[in-house]
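There are 2 protein chains.
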Amino acid sequence: MAPNFEYPKKPQNTVKRYNSRATYDLGAVHSVINTTSVLHVSFAPSPDEPFPAILPMIGVMGSFEYPSSGIDEPLDCYLHGYVSSRLMRLAREAPNGLPVCIAATKVDGFVLSLTPNSHSYNYRSAVLQGYARPVETDEEKVYAMQLITDKVVAGRWENTRVPPDNVEMTSTTILRVKIETGSGKVRQGGPHDEPKDENRAEITDKVWTGVVPVYETLHAPIPSATNKVKQIPAYLDQYVSEVNKSNRETALNAVNEP
Amino acid sequence: MAPNFEYPKKPQNTVKRYNSRATYDLGAVHSVINTTSVLHVSFAPSPDEPFPAILPMIGVMGSFEYPSSGIDEPLDCYLHGYVSSRLMRLAREAPNGLPVCIAATKVDGFVLSLTPNSHSYNYRSAVLQGYARPVETDEEKVYAMQLITDKVVAGRWENTRVPPDNVEMTSTTILRVKIETGSGKVRQGGPHDEPKDENRAEITDKVWTGVVPVYETLHAPIPSATNKVKQIPAYLDQYVSEVNKSNRETALNAVNEP
Chain U
1 MAPNFEYPKK PQNTVKRYNS RATYDLGAVH SVINTTSVLH VSFAPSPDEP
51 FPAILPMIGV MGSFEYPSSG IDEPLDCYLH GYVSSRLMRL AREAPNGLPV
101 CIAATKVDGF VLSLTPNSHS YNYRSAVLQG YARPVETDEE KVYAMQLITD
151 KVVAGRWENT RVPPDNVEMT STTILRVKIE TGSGKVRQGG PHDEPKDENR
201 AEITDKVWTG VVPVYETLHA PIPSATNKVK QIPAYLDQYV SEVNKSNRET
251 ALNAVNEP
Chain Y
1 MAPNFEYPKK PQNTVKRYNS RATYDLGAVH SVINTTSVLH VSFAPSPDEP
51 FPAILPMIGV MGSFEYPSSG IDEPLDCYLH GYVSSRLMRL AREAPNGLPV
101 CIAATKVDGF VLSLTPNSHS YNYRSAVLQG YARPVETDEE KVYAMQLITD
151 KVVAGRWENT RVPPDNVEMT STTILRVKIE TGSGKVRQGG PHDEPKDENR
201 AEITDKVWTG VVPVYETLHA PIPSATNKVK QIPAYLDQYV SEVNKSNRET
251 ALNAVNEP
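Here the protein sequences come in this chain order: U and Y. For the first sequence, the UniProt record's numbering begins at 1 and goes up steadily by one. For the second sequence, the UniProt record's numbering begins at 1 and goes up steadily by one.
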């Protein structure tokens, strides 16, 4: 088996707190990005402004140069969303692209222990840092548009009116982020209490401990007022079922220690 | 009725794109923060580092000075999480506190239209900007710890071993963010297609359009190996039911235009 690719540990991405939960594995980090509906993208708006900005965006990992790359291989992050003209200008003007930080977090459960301080979440999180630039060529733009559309619902692209026309191509902005560093964190398992509480019956007889698994549910698709297709298409029906099954299993599996 | 409080529109928080979806209403913005399990908190780590940092944290709105304040009144944001020593040092050393940006986004549905470019999410998002400082007094720390614990499961604090002992108080770090600006965005409704596609039967006969509602589900609580409380307590059982009902209704209500 080939060795797993890992992100290099640099000062800014090395996890210090609870570092046994850290992962630098490309596959693990990229999977969290690809299964999270909304990414949070941070950047510095200007030298005069004290606050960083955060935009919620849709994003997906991909490689236009090597489209057959697996999820555990080096990939770029393509971002789409309500890209402000400010963000676009910054990404276009910066000589090496705009430095951004991209974060995604999935909560898999509430971990309830004897005392509030030991409460926790089961979760998977990913953070990427890299340089964002607007995608320039139509070929790469269409490649990224398909990835992004199929992230929302697998197989959706080929089941819509494509390709985009000229107006749509011009009005769509996609950012490509060249990743410099990345890391992830994963917490699984039940509550961890301390002997000072676990050995006192007046506490353990009173306080329920355990996990409330949490997962995202997709409801059955609801047709629009103008929809003309009578049956819900198989690819859509199947996607809803598969995501629901996978999300529920992931949250339930996280209840037990790995 | 008293007028709604709104966040002042400054250059950095004024929504320009799709501004009809914007809200500056304190109640609307704070509600998104308070119902989102994980907030993403961005800050500038140091002048030498090009990339902003993002940490996933638990956060809740509150006012230690005026604890009876409503959700639609001026509030601080209390943050708890794996606060890095770097973040703590920056928050302690900055003369006015550390400038941070806090973001929360709830996805309520996938909006599927005739062509990829018109695809969208139903969602509610909130962004706050303010100055973070560590909470110094034990009284305010306990106030914030209770808010944060009860955010995970309503009523959890009083049903655990409290108050925290001295070791727990010392080892817990809470940040209080004084909010300078805030804004939110809300998208509801079905797909919006253009006449160029809607009037072509070869497209509308083939492409299903509508909404896949999305919501977070809490599974029935699963006891830990060491749990001694035989029945799931009523406050917990009720919380799970209420959150599930509310989340589902919110996503289904979002399918229709407001």
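Quick reminder that beta carbons are idealized off the backbone N, C-alpha and C, glycines included. Since we're looking at a predicted model, the values are computed, not measured.
Would you mind reading off the limits of the alpha helix (DSSP H) that contains residue i?
i: residue 25 of chain U; result: That residue, residue 25 of chain U, is in no alpha helix (DSSP H); it is neither H nor E in DSSP.
i: residue 240 of chain U; result: 234 to 253
i: residue 166 of chain Y; result: 166 to 171
i: residue 104 of chain U; result: Counting along the chain, residue 104 of chain U falls outside any alpha helix (DSSP H), though it belongs to the beta strand (DSSP E) covering 98 to 112.
i: residue 143 of chain Y; result: 138 to 152
i: residue 85 of chain Y; result: 85 to 93
i: residue 195 of chain U; result: 195 to 198
Going by other Cβ atoms of all chains shown within 10 Å of its Cβ, with 16 needed for buried, is residue i buried or exposed?
i: residue 144 of chain Y; result: buried
i: residue 160 of chain Y; result: buried
i: residue 127 of chain Y; result: buried
i: residue 253 of chain Y; result: exposed
i: residue 238 of chain U; result: exposed
i: residue 200 of chain U; result: exposed
i: residue 1 of chain U; result: Because the pLDDT of residue 1 of chain U is 46, which lies under 50, any placement of that residue in the model is unreliable, and the number read from its coordinates should be weighed accordingly. It counts as exposed.
i: residue 70 of chain U; result: exposed
i: residue 224 of chain U; result: buried
i: residue 234 of chain U; result: exposed
i: residue 163 of chain U; result: exposed
i: residue 117 of chain Y; result: buried
i: residue 185 of chain U; result: buried
i: residue 240 of chain U; result: buried
i: residue 66 of chain U; result: exposed
i: residue 42 of chain U; result: buried
i: residue 13 of chain U; result: buried
i: residue 23 of chain U; result: buried
i: residue 99 of chain Y; result: buried
i: residue 52 of chain U; result: buried
i: residue 230 of chain U; result: exposed
Closer than 8 Å, CB to CB, is residue i near chain Y or not?
i: residue 47 of chain U; result: no
i: residue 242 of chain U; result: no
i: residue 258 of chain U; result: no
i: residue 134 of chain U; result: no
i: residue 31 of chain U; result: no
i: residue 173 of chain U; result: no
i: residue 226 of chain U; result: yes
i: residue 216 of chain U; result: yes
i: residue 212 of chain U; result: yes
i: residue 161 of chain U; result: yes
i: residue 8 of chain U; result: no
i: residue 139 of chain U; result: no
i: residue 254 of chain U; result: no
i: residue 35 of chain U; result: no
i: residue 122 of chain U; result: no
i: residue 260 of chain U; result: In the structure as shown, chain U begins at 1 and stops at 258. Residue 260 of chain U is therefore absent and cannot be evaluated.
Does any C-beta atom of chain U lie closer than 8 Å to the C-beta of residue i?
i: residue 1 of chain Y; result: Residue confidence for residue 1 of chain Y is low, a pLDDT of 46 falling below 50, so the modelled location carries little weight and cannot support an answer.
i: residue 60 of chain Y; result: no
i: residue 67 of chain Y; result: no
i: residue 143 of chain Y; result: no
i: residue 20 of chain Y; result: no
i: residue 251 of chain Y; result: yes
i: residue 265 of chain Y; result: What is shown of chain Y runs 1 to 258, which leaves residue 265 of chain Y out entirely.
i: residue 63 of chain Y; result: no
i: residue 125 of chain Y; result: yes
Which two residues bound the contiguous beta strand (DSSP E) that contains residue i?
i: residue 203 of chain Y; result: Unbroken run through residue 203 of chain Y is the alpha helix (DSSP H), 201 to 204; no beta strand (DSSP E).
i: residue 124 of chain U; result: 120 to 134
i: residue 76 of chain Y; result: 76 to 80
i: residue 215 of chain Y; result: 210 to 218
Please name the residue, chosen from the options, that lies closest to residue i on a Cα-to-Cα basis.
i: residue 110 of chain Y; options: U/153, U/229, U/181; result: U/153
i: residue 177 of chain U; options: U/113, U/5, U/57, U/19; result: U/57
i: residue 88 of chain Y; options: Y/188, Y/174, Y/248, Y/231; result: Y/174
i: residue 257 of chain Y; options: Y/187, Y/54, Y/242; result: Y/187
i: residue 138 of chain Y; options: Y/232, Y/114, Y/168, Y/101; result: Y/168
i: residue 9 of chain U; options: U/51, U/183, U/158; result: U/183
i: residue 101 of chain Y; options: U/50, U/112, U/91; result: U/50
i: residue 91 of chain Y; options: Y/45, Y/113, Y/72, Y/115; result: Y/45
i: residue 112 of chain U; options: U/179, U/190, U/166; result: U/190
i: residue 5 of chain Y; options: Y/181, Y/21, Y/206; result: Y/181
Are the C-beta of residue i and some C-beta of chain C separated by less than 8 Å?
i: residue 168 of chain U; result: Although the question refers to chain C, the structure presented lacks it and instead comprises the protein chains U and Y.
I'd like to know if the region 95 to 104 of chain U and the region 194 to 204 of chain U are in contact, where contact means that at least 3 CB-CB pairs between them fall below 8 Å. no
If we count Cβ pairs, one from each stretch, closer than 8 Å, do we get three or more for the region 147 to 160 of chain Y versus the region 108 to 123 of chain Y? no
Okay, do the region 200 to 214 of chain Y and the region 215 to 229 of chain U touch, 3+ Cβ pairs below 8 Å being the bar? yes
Using 8 Å as the Cβ pair cut-off and three pairs as the minimum, do the region 130 to 145 of chain Y and the region 74 to 91 of chain Y touch? yes
Taking 8 Å as the threshold, find out whether the region 28 to 36 of chain U comes into contact with the region 101 to 112 of chain U through three or more Cβ pairs. yes
Would you check if the region 22 to 33 of chain Y and the region 60 to 76 of chain Y touch, i.e. whether three or more CB-CB distances between them fall below 8 Å? yes
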